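Reviewing the structure listed below.
Residue numbers (my numbering): 90 to 612.
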């Protein structure tokens, strides 16, 4: 017996029943369309058709899958982090560490009383890194340091400690303490300039020169005066990866301190090189083995092999960190000492750093750094074989290759950088600081996930770029320069900017037209 036999009389007219079913279907379909409650895929929904406001919060909610898909699709237009050769920051970690990161992503690092194990892991990291940097610690003595949001915060904290300690001494001596300065090279990272501006400290920069792109220790010591709170040396210049001579700086500064009665200290910005030098160049003296080195910062998210967002600053001993800079809070539970510019932040990166330190150990870090160095040499040799580049970087230092064109009259490094993006590579081109700003370089940073295969592939792609550039007309700036030079030789009247632009536009149109004609002939 059919289901409707229980409800309908035997003489019921069936066509009416069909109309009833059809009406119900229409009502359900209309309701689904209005609310977009659908069994269709995300891309069939109206949310991927309708425009969402960009700078205002939308009035209504949208389904979670649609929100995810909209954001995910837009993020596809970002560059591939693995092919971002501009960045020193880690772009790959093991799946096990990724899981630890996600498990701890809801833990607030500052809640030390609620998450005591996380706090303990941070303290272990500080002590491991302090021993790696040869801090003069006794058997039962704990290191002085803190985890930060990258080296920028670490440098701010170290700078504040130097400034406060210098001010306290000047006050005690009855001397002015309103004009502190720091001596650095012109190759310092922008965070040093931020510190100087934000905390009212003069930044005295040692200028660079062609062929010497790091701070000259002798010139740096000459610039030191009674108001110098520290000299900042860089272990791994951002520009070419070179290590500055911290040992020579220390020796020269020791002599000057003896002559003047000052006690000017050294800070080492080891953001890039702090996790390289101990493994590749263990005999190099740059760290706490030198008596004037009072603090060191290092980026865990660079060659510490952790994702972005973790740095460390280590002090030689407790006396180098003024007690008045440390805050004590108790509203989260027990008394908690804190010395940070930030407050709430995630615990994931601290846990990830501890994972890498115990997972890899000294052996693992050494193997990775050796691989990076060898791949840098492969890339360097490949670029040299093209015969088109000068290598600006040094073999000893951060594993990167900085290089410039031998002849950039027709085409320059910025054009190479732009054309490499078509192959997916992100390679920065930049000018050197004063007084070497006439030098332009390209830089490829070799990270753990940049294999020999990728290095060889990069050389092939850059050869393609060079070949294509050779077939193109000279860049606009080069044409202008050559035209001006020719005019000056012939004594002709210099063309106006509009006339020059029209000439260049006409030239390009002719060039493009000829290329199209040649393609048609081939087809």
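No residue lacks a Cβ here, since even glycine has one placed at the ideal position from N, Cα and C.
Note that the structure is a prediction, hence the values are computed from the model and not measured.
Put simply, the backbone Cα of residue 358 is about 40 angstroms away from that of residue 556.
Secondary structure in the segment 412 to 444: the beta strand (DSSP E) runs of 3 residues or longer, each lying completely within the stretch, are 416 to 418, 425 to 427 in chain order.
Unbroken alpha helix (DSSP H) runs of no fewer than 4 residues, entirely contained in the segment 300 to 337, are found at 306 to 312, following chain order. DSSP places residue 519 in the strand class (E or B) of the three-state scheme.
Annotation: residue 481 to residue 331 spans about 10 angstroms, alpha carbon to alpha carbon. With a 10 Å radius around the Cβ and a threshold of 16 neighbouring Cβ atoms, residue 254 comes out buried. Contact check between the segment 428 to 442 and the segment 192 to 201: three or more CB pairs, one atom from each, fall below 8 angstroms, which counts as touching.
Between residue 536 and residue 180, the CB-CB gap stays under 8 angstroms. Within its own chain, the residues whose Cβ lies closer than 7 angstroms to the Cβ of residue 346, once the five positions on either side in sequence are excluded, are 352, 353, listed in chain order. Taking a C-beta distance under 8 angstroms as the contact criterion, residue 404 and residue 243 do not qualify as a contact pair. For residue 356, the CB contacts under 6 angstroms within the same chain, skipping 5 residues up- and downstream, are 247, 319, 321, 384 in chain order.
Taking every protein chain shown into account, the CB of residue 344 has fewer than 16 other CB atoms within 10 angstroms, so this residue is exposed. In the DSSP assignment, the residues bridged to residue 478 are 494. Close CB contacts of residue 326 within its chain, under the 6 angstroms cut and outside five residues either way in sequence, are with 276, 303 (chain order). Separation of the CB atoms of residue 333 and residue 274 is rounded to 7 angstroms, and the pair is thereby assigned contact status at 8 angstroms. Here DSSP, grouped into helix, strand and coil, assigns residue 264 to coil. Residue environment for residue 549: exposed (fewer than 16 other C-beta atoms within 10 angstroms of its C-beta). Between residue 534 and residue 174, the C-beta gap is smaller than 8 angstroms, which places the two residues in contact.
If you compare the alpha carbons of 294, 483, 259, 563 with that of residue 309, the shortest gap goes to 294. DSSP places residue 282 in no beta strand (DSSP E) but in the uninterrupted alpha helix (DSSP H) bounded by 279 to 287. At the C-beta level, residue 554 and residue 494 stay beyond 8 angstroms of one another. A straight-line Cα-Cα distance of about 14 angstroms links residue 286 and residue 267.
At a Cβ-Cβ threshold of 8 angstroms, residue 388 and residue 366 do not count as neighbours. Under the criterion of beta carbons closer than 8 angstroms, residue 270 and residue 316 qualify as touching, at roughly 5 angstroms.
In the assembly as shown, residue 145 is an exposed residue. Its beta-carbon has fewer than 16 other beta-carbons within 10 Å.
Per DSSP, the unbroken beta strand (DSSP E) holding residue 532 starts and ends at 529 to 534.
As computed with DSSP, residue 499 is found in no beta bridge at all. Linking residue 541 to residue 414 through their CA atoms gives a straight-line distance of about 47 angstroms. By the neighbour-count criterion, in which a residue is buried when 16 or more other Cβ atoms sit within 10 angstroms of its Cβ, residue 513 is exposed. Minimum Cα-Cα distance from residue 237 among the listed residues 198, 161, 411, 177 corresponds to 198.
Listed in chain order, the non-local C-beta contacts of residue 278 below 6 angstroms within the same chain comprise 327, local neighbours out to five positions each way being set aside. In the three-state reduction of the DSSP assignment, residue 390 falls in the coil class, being assigned neither a helical nor a strand state.
Secondary structure of residue 240 (DSSP, three-state): helix. In the three-state reduction of the DSSP assignment, residue 134 falls in the coil class. Within the model, the alpha-carbon separation for residue 458 versus residue 369 is close to 7 angstroms. Taking C-alpha positions only, residue 139 is separated from residue 133 by approximately 12 angstroms.
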